[in-house]
Structures are given as structure tokens and as C-alpha cells.
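Numbered by numbering that gives the first Met the number 0, the letters in the sequence shown go through residues 0 to 310 in order. Working notes, beginning with the structure itself.
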Amino acid sequence: MAKSPQAKNAPAKRRTSDIPFGHDPASRLLPWVVAVMVYIAGLSIAGALVLSAFADRWESGLIGAMTVQIPPPADDAIDTDYQDGLVRKAVAAILETPGVEKAEPLATEEMRRLLEPWLGKSIDPRDLPLPSLISVEFKDGLTAGDLDLRDLQRRVDAVAPGAILDDHGQWQARLVSFLESLRLVAAVLVAIVTLAGLIMVIFAVRGGLLAHRQTIELLHLVGAVDGYIAAQFQREAMKAGFKGGLLGLTATAATVVGLGHGAASTGAVLPGVAVLDPTDWVILCLLPVATALISVAAARVTVLRALAKMV
Numbered sequence: 000m001a002k003s004p005q006a007k008n009a010p011a012k013r014r015t016s017d018i019p020f021g022h023d024p025a026s027r028l029l030p031w032v033v034a035v036m037v038y039i040a041g042l043s044i045a046g047a048l049v050l051s052a053f054a055d056r057w058e059s060g061l062i063g064a065m066t067v068q069i070p071p072p073a074d075d076a077i078d079t080d081y082q083d084g085l086v087r088k089a090v091a092a093i094l095e096t097p098g099v100e101k102a103e104p105l106a107t108e109e110m111r112r113l114l115e116p117w118l119g120k121s122i123d124p125r126d127l128p129l130p131s132l133i134s135v136e137f138k139d140g141l142t143a144g145d146l147d148l149r150d151l152q153r154r155v156d157a158v159a160p161g162a163i164l165d166d167h168g169q170w171q172a173r174l175v176s177f178l179e180s181l182r183l184v185a186a187v188l189v190a191i192v193t194l195a196g197l198i199m200v201i202f203a204v205r206g207g208l209l210a211h212r213q214t215i216e217l218l219h220l221v222g223a224v225d226g227y228i229a230a231q232f233q234r235e236a237m238k239a240g241f242k243g244g245l246l247g248l249t250a251t252a253a254t255v256v257g258l259g260h261g262a263a264s265t266g267a268v269l270p271g272v273a274v275l276d277p278t279d280w281v282i283l284c285l286l287p288v289a290t291a292l293i294s295v296a297a298a299r300v301t302v303l304r305a306l307a308k309m310v
């Protein structure tokens, strides 16, 4: 029976592979395994990026500044007028110190905002035996090490005995040490996950080689070279790696966004936590590409070595 014109003109369906990977259970499972690996790696990278950005913002606020604490009276009586007088004298003495740009006492409303998450809204900081805080900012480019802190301490002690100068150096050192530890943990975790994913890809490819051994031998008989057969596995590994990467990235993005909304509800307690900037999102969006490339490389090396032993 003659074919219809439509059948003659219809383009032939192009075969994407000479090896039936769809019948291989390992190939169907691989994208989901990669997705889990990418999710763990993505959360590790996102956590490191968020903490680094948060620490940078915090440290930028500490560099070039210090805090002066004026202790409350030793007795139980709280004389706000007397305390305010000490603060005004201390501010004047601080401003006379070379290198100081600004000195401002922390306002009552600011103190209330800082204490509100722990003590509630009904607490008035003036009713508590708390030290008065003075925020000091240095001139451009100067740090606490550039100032004569002994002279500053002497000036402040002369008008407010017992005052404490805090240049945040101890906090900065602890912060840097803590961040370095977190970065190391994140890097080790990403390396372990990458290695585990690489091993899974290798095992999946080896399983595919065993499952399709007869097809591979037939391709060899009709003249297919090892590179051609390896390309078949590379394409399949690339699709599995990219698909798994997209699934893992989607789960990572959903988790990060959810944590961001949760952190935003904490108000002043965790400002800026769980918030990624556009550059961080670009880094995370490269994960599917990275998993695809790693999968392709692992598949090619594994297949070529296995085929070399089959000859």
C-alpha cells in the first residue's frame, strides 16, 4: 500500500541515543541522588555566604568605632539627672580627644528597642541599673589602634570614674575565628558531598555498562569507536546531573527563602540573617551547571577506562 503524502513528508524521529538508558533503573534514580547531594551542598554554601555577609556588615560597623560605658551609681538609687550629667561630661571629654569624629549617647528609645525582645515593651531602661552607653566614631580611616586610648581613658575617668572603653577588638577576633571555622566546615562538607556524588555517578555509569554490555558489543561490531559510545553515556550523565542540580537548587532556594521569612519575623534580634544578595544567588544558580560538568567528566573517564579493558 502506497504511503500518504503526509507520511512521506513527515520528518523522521531522531534517536537521541543508540543505548536504551530508559530501561536502566540506575539512570532513573541518579537525578534524585544528585538532587539530594546538591541540596546539602547548596545549603552549606548558602549558609557560609549568609554568615560571611552578616559578619561583614557587623564588622564594618565595628571598625572605626568604639563604645564607652558609664556605670550606674553603686547604690540602689537611680538618679537619672546625675547619670545624664556624667554622660554629657564624658561626651565632651571624648570629643576633645584627637582622632574622634563623633560621640553620641545611646538614646533611651534605642536602648528600649534592644531590650524589648527579652524584657518586653513595658520596660523603661531608665528604671534599670544599666550602664549608659556612648557611641564613638573615629575620623575617616582611623581605628582604635590609631588613637591614644590611655589618654582617652584618662580624660573620661576624670569626669566619669569607672568608665569602660570597648574597642570591640575581642568581639572581632572571636568573630573572625568563628567565621573561619564555619567556612572550613562548609568547604569540607561541600567536598564530601561532591566526592559522594562523583562516586554515585561512577557506580551508575558502571551499572549502565553492565546492563547494556550486549548493545555496546554490537555497536563495536558495526564500527562504533570508544569515543562515540562514551558520548552516549556523557549525554545521559549530563541530563541526569543537570536535572538533579535543578531539583536540588529548587529545594535549596525554597529553604533559604523560608528561613529568610522566618528570620525577618525576629525583627531586631537577627537583622540581615538568611538574606542572600544577587551575587550569592548567581553562585547558587551555577550548581546545576557544575553538577552537569562533573557528571560528564566522571562518565567519560569511567566509560573509556571500562571500554579499554573490554578490548
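Beta carbons: idealized from backbone N, C-alpha and C, even for Gly.
Closest to residue i by C-alpha separation, out of the options, would be which residue?
i      : options                           : result
Asp23  : His211, Ala91, His167 and Gly144  : His211
Ile44  : Phe202, Thr251 and Ser176         : Thr251
Leu246 : Ala34, Leu29, Gln231 and Ser16    : Ala34
Gly144 : Val158, Leu164, Ile133 and Ser131 : Leu164
Gly207 : Leu188, Ile228 and Val187         : Ile228
Leu275 : Asp147, Gly41 and Val184          : Gly41
Phe232 : Leu183, His167, Leu181 and Leu303 : Leu303
Arg111 : Leu132, Gly98 and Arg234          : Leu132
Leu141 : Thr79, Met65, Leu306 and Val224   : Met65
Val224 : Met309, Ala239, Ala159 and Ala236 : Met309
Trp170 : Leu50, Arg27, Ile62 and Thr249    : Ile62
Arg299 : Leu218, Asp150 and Gly226         : Gly226
Gly244 : Ala289, Gly222, Leu194 and Ala307 : Ala289
Met199 : Leu113, Asp150, Pro130 and Gly240 : Gly240
Val175 : Glu108, Arg56, Ser134 and Gly259  : Arg56
Tell me the rounded alpha-carbon separation between residue i and residue j.
i      : j      : result
Val37  : Arg173 : 31 Å
Ala47  : Thr254 : 15 Å
Leu220 : Ile201 : 25 Å
Lys138 : Val32  : 55 Å
Gln82  : Leu286 : 57 Å
Ile18  : Leu178 : 49 Å
Leu209 : Ile39  : 30 Å
Lys242 : Glu216 : 29 Å
Pro270 : Pro128 : Its pLDDT being 48, under 50, Pro270 is placed unreliably by the model, and nothing is read from it.
Pro277 : Ala52  : 12 Å
Val204 : Val192 : 18 Å
Ala106 : Leu29  : 59 Å
Val268 : Val295 : Reliability of the predicted coordinates at Val268 is poor, the pLDDT of 44 falling under 50, and no value is obtained from them.
Ile282 : Leu248 : 11 Å
Ala236 : Leu50  : 34 Å
Arg234 : Gln213 : 20 Å
Thr96  : Gly84  : 19 Å
Lys238 : Leu183 : 31 Å
Gly257 : Trp280 : 15 Å
Ser26  : Phe20  : 7 Å
Ala54  : Ala92  : 32 Å
Ala11  : Leu218 : Summary for Ala11: the model assigns pLDDT 44, below 50, so the residue's position carries little reliability, and this model does not support an answer.
Ala185 : Ser134 : 35 Å
Leu188 : Ser180 : 12 Å
Ser16  : Gly259 : 43 Å
Tell me, which residues are paired with residue i by DSSP?
i      : result
Pro104 : Ile133
Thr66  : Ser134 and Asp165
Val99  : Phe137
Within its chain, find whatever has a CB closer than 8 Å to the CB of residue i; leave out the 5 residues flanking it on each side and keep chain order.
i      : result
Pro4   : Summary for Pro4: the model assigns pLDDT 45, below 50, so the residue's position carries little reliability, and this model does not support an answer.
Ala162 : Val67, Gln68, Ile69, Pro70, Ala89, Gln152, Val155 and Asp156
Leu148 : Leu164 and Asp166
Ala195 : Met36
Could you pull out every residue in the same chain whose Cβ sits closer than 6 Å to the Cβ of residue i, ignoring the five residues on either side in sequence?
i      : result
Leu94  : Ala102
Leu146 : Gly98
Ala291 : Met237, Gly240 and Phe241
What does a CB cutoff of less than 7 Å around residue i pick up in its chain, not counting 5 residues either side in sequence?
i      : result
Leu197 : Ile293 and Ala297
Glu100 : Glu136, Phe137 and Lys138
> Considering only residues of the segment 209-276, which uninterrupted alpha helix (DSSP H) runs meet the minimum length of 4 residues and lie entirely inside it, listed in chain order?
Replying inline: Entirely contained in the segment 209-276, the alpha helix (DSSP H) runs reaching 4 residues are, in chain order, 212-220 and 225-263.
> What runs of the beta strand (DSSP E), each 3 residues or longer, lie entirely inside the segment 129-206?
Replying inline: Within the segment 129-206, the complete beta strand (DSSP E) runs of at least 3 residues fall at 131-137 and 163-165.
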